[in-house]
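Undergrad:
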Amino acid sequence: MFYSLPMETKIDIFKCLNYEQLSLIKQTNLFFRDFINNFEGKLAREELFKFTIDFFNNFKKIPHKYVRPEAGNFDFALFDEQHKELNKQIDEMWSNGQQKRIPLYLPDHGLLDNIVIGLSIVYNNIEEVNIILDLPTVITNKKQMKIVYHYLTRLFNCSFVFADFGQFIFNPELIQLFFENAKIPGKFYVINWIPKYNWRLKPTDTDSLLKFILDHLVRETINHVKNAEVYVNILFKILMRGDNFKEVWLIWDKLSELVNFYFCLYGIEMSMDCPKMVADIELNDIYFNLGSLTKGLKKLLNIDELMIKRFCC
62 MFYSLPMETK
72 IDIFKCLNYE
82 QLSLIKQTNL
92 FFRDFINNFE
102 GKLAREELFK
112 FTIDFFNNFK
122 KIPHKYVRPE
132 AGNFDFALFD
142 EQHKELNKQI
152 DEMWSNGQQK
162 RIPLYLPDHG
172 LLDNIVIGLS
182 IVYNNIEEVN
192 IILDLPTVIT
202 NKKQMKIVYH
212 YLTRLFNCSF
222 VFADFGQFIF
232 NPELIQLFFE
242 NAKIPGKFYV
252 INWIPKYNWR
262 LKPTDTDSLL
272 KFILDHLVRE
282 TINHVKNAEV
292 YVNILFKILM
302 RGDNFKEVWL
312 IWDKLSELVN
322 FYFCLYGIEM
332 SMDCPKMVAD
342 IELNDIYFNL
352 GSLTKGLKKL
362 LNIDELMIKR
372 FCC
């Protein structure tokens with residue numbers, strides 16, 4: 062009877078199942094396996110506790126399982142059959158003996174440092190298992206490209222309680238190449254992003270990080286972006302992506318710039334674009350949501366509502 066149901070009804074039924082239940086059903090027969098694989102981007106994701114990109118040395122003292130994919134253990138024939146268009150693109154990149162060098166992470170440290178992905182999985186809310194995934198830091202051949210694509214696809218099919226992109230991000234150009242036309246979008250599904258401020262960020266690096274967040278993260282909260290006035294243009298774009306982000310916390314060093322930002326938000330709230338905005342915003346520890354921007358301005362500036370409206374007109 063299930064097989065005769067409309068496709069939309071089948072998808073709705075599977076949407077009611079969690080990841081563990083889907084995994085069990087996939088093992089029952091080929092139809093269910095192929096169906097779930099085909100719609101995996103729309104169904105429940107495997108939830109991992111934490112995702113981190115960092116230097117391998119920073120993980121050495123933590124008990125972990127080390128995973129370094131080897132070309133000899135990878136079924137490239139099956140990959141080529143399942144990803145014909147992508148395989149064609151990869152072949153063209155290395156045609157005519159071209160020597161390619163594509164960094165997986167940014168900022169690019171070349172081959173001087175071993176950069177890895179740290180994954181934490183929590184079982185029964187108690188036991189935490191750490192996995193270190195060592196992918197090629199710099200991609201230099203077609204086989205490495207296919208291995209990286211395989212594991213990025215798996216990561217994009219997960220959801221994470223915490224994600225730390227404080228040291229590195231994935232190369233956005235590589236993600237675009239892999240997933241621009243893919244059925245699985247090149248986005249990380251994250252509840253909490255963990256910011257770091259103890260590394261030597263150049264303004265261009267922070268700008269790249271915020272653009273990465275805008276283009277490749279779907280999450281609930283962006284925590285404490287410092288020196289927000291420097292990145293106001295990209296932050297406005299993030300704040301207008303209420304479909305991807307629920308809450309944003311920003312910290313401003315210059316009061317005058319913060320006031321200008323408030324007035325801009327107030328103008329947006331009064332316009333037709335308001336439904337597109339992030340629902341909850343915190344600026345310098347003043348918290349408000351849509352509909353309460355006037356109160357936030359009054360609290361910040363100690364002025365009345367009439368004065369605010371005069372500024373915004």
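Reading the sequence shown from the start, the letters are residues 62 to 374 in the numbering used here. Using N, Cα and C, we set each Cβ at its ideal position, and we do this for glycine too. The structure presented is a predicted model; accordingly, all values stated were derived computationally and were not measured.
Just reading off the alpha helix (DSSP H) that Phe140 is part of, what are its end residues?
TA: Here the alpha helix (DSSP H) through Phe140 covers 137-143.
Undergrad: Residue ranges of each alpha helix (DSSP H) run of no fewer than 4 residues wholly in the segment 87-130, ordered along the chain?
TA: Counting only runs of 4 or more, we get 91-99.
Undergrad: If you draw a straight line from the alpha carbon of Lys263 to that of Gln228, how long is it in whole angstroms?
TA: The predicted model places Lys263 with a pLDDT of 49, which falls under 50 and marks its position as unreliable, so this point remains unresolved.
Undergrad: Do three or more CB pairs link the segment 191-205 to the segment 125-138 at distances below 8 Å?
TA: With a cut-off of 8 Å, the segment 125-138 and the segment 191-205 count as touching, because enough Cβ pairs lie within range.
Undergrad: Grouping DSSP H, G and I as helix and E and B as strand, with all else coil, what is Arg302?
TA: Correct three-state label for Arg302: coil.
Undergrad: Under 8 Å: do the segment 274-281 and the segment 223-241 share three or more Cβ pairs, one atom per stretch?
TA: Yes: at least three Cβ pairs fall under 8 Å.
Undergrad: Taking its Cβ as the centre, do 16 or more other Cβ atoms sit within 10 Å of Met68, making it buried, or is it exposed?
TA: The residue in question, Met68, is exposed, as its Cβ has fewer than 16 Cβ neighbours within 10 Å.
Undergrad: Check for me: the beta strand (DSSP E) holding Val222 runs from which residue to which?
TA: That run of the beta strand (DSSP E) goes 219-225.
Undergrad: Would the beta-carbon of Val378 fall within 7 Å of that of Phe221?
TA: No answer is possible for residue 378: it lies beyond the span of the chain, which begins at 62 and ends at 374.
Undergrad: Using 7 Å as the threshold, is the C-beta distance between Lys111 and Ser181 below it?
TA: Contact: yes.
Undergrad: With a Cβ-Cβ cutoff of 7 Å, do Asp169 and Phe116 count as a contact?
TA: Not closer than 7 Å, so no.
Undergrad: Going by DSSP, what residues sit across from Ser156 in a beta bridge?
TA: None, per the DSSP bridge assignment.
Undergrad: Given Val309, which residues of its chain have a CB within under 7 Å of its CB, disregarding the five upstream and five downstream residues?
TA: Here the set comprises Ile283, Ile299, Leu300, Val339, Ile342.
Undergrad: Which one of Arg106, Lys71, Ile74, Asn253 has the shortest CA to CA distance from Ser84?
TA: Residue Arg106 is the option with its Cα nearest to Ser84.
Undergrad: Once DSSP output is grouped into helix, strand and coil, what is the label at Glu241?
TA: If DSSP states are grouped into helix, strand and coil, Glu241 belongs with coil.
Undergrad: Relative to the C-alpha of Phe96, which candidate in Glu108, Thr113, Ile74, Leu109 has its C-alpha closest?
TA: Nearest option by C-alpha distance: Ile74.
Undergrad: Specify the secondary structure class of Pro264 as computed by DSSP and reduced to three states.
TA: Any reading at Pro264 needs caution, since the residue's pLDDT is 46, under 50, leaving its predicted position unreliable; the model's value is listed next. Residue state, collapsed to three classes: helix.
Undergrad: In angstroms, rounded to a whole number, what distance separates the CA positions of Asn218 and Pro124?
TA: The straight-line gap from Cα to Cα measures roughly 25 Å.
Undergrad: Hey, Lys203 and Asp152 are a contact pair by Cβ (cut 8 Å); roughly how many whole angstroms apart?
TA: With a Cβ gap of about 7 Å, Lys203 and Asp152 count as contacting.
Undergrad: Nearest by alpha-carbon distance to Phe100: which of Leu270, Glu146, Lys149, Pro246 is it?
TA: For the residues Leu270, Glu146, Lys149, Pro246, the minimum Cα distance to Phe100 belongs to Pro246.
Undergrad: CB Phe135 to CB Gly179, shorter than 7 Å?
TA: No; because the gap between Cβ atoms is not below 7 Å, this pair is not in contact.
Undergrad: Is the CB-CB distance between Asn232 and Leu167 below 7 Å?
TA: Their beta carbons are under 7 Å apart, which means Asn232 touches Leu167 by this criterion.
Undergrad: Tell me whether Asp341 sits in a helix, a strand or coil according to DSSP, three-state version.
TA: In the structure shown, Asp341 sits in a strand (DSSP, three-state: E or B).
Undergrad: Could you tell me the alpha carbon to alpha carbon distance between Glu366 and Leu296, rounded to whole angstroms?
TA: Reliability of the predicted coordinates at Glu366 is poor, the pLDDT of 42 falling under 50, and the value obtained from them is presented with this limitation in mind. Whole-angstrom Cα-Cα distance: 26 Å.
Undergrad: May I ask you to report which of helix, strand or coil DSSP gives Asp280?
TA: For the sequence presented, residue 280 should be read as Arg rather than Asp. In this structure, Arg280 counts as strand in the three-state DSSP scheme.
Undergrad: So the candidates are Ile230, Asn253, Leu165; which of them puts its Cα closest to the Cα of Tyr210?
TA: Closest option to Tyr210, Cα to Cα, is Leu165.
Undergrad: Give me the Cα-Cα distance between Phe273 and Ile200, rounded to the nearest whole angstrom.
TA: Their backbone Cα atoms lie some 20 Å apart in a straight line.
Undergrad: Contact defined as beta carbons within less than 8 Å: I believe Phe306 pairs with Leu270. What is the distance between those atoms, to the nearest angstrom?
TA: Going by Cβ atoms, the distance from Phe306 to Leu270 rounds to 15 Å, so no, they are not a contact pair.
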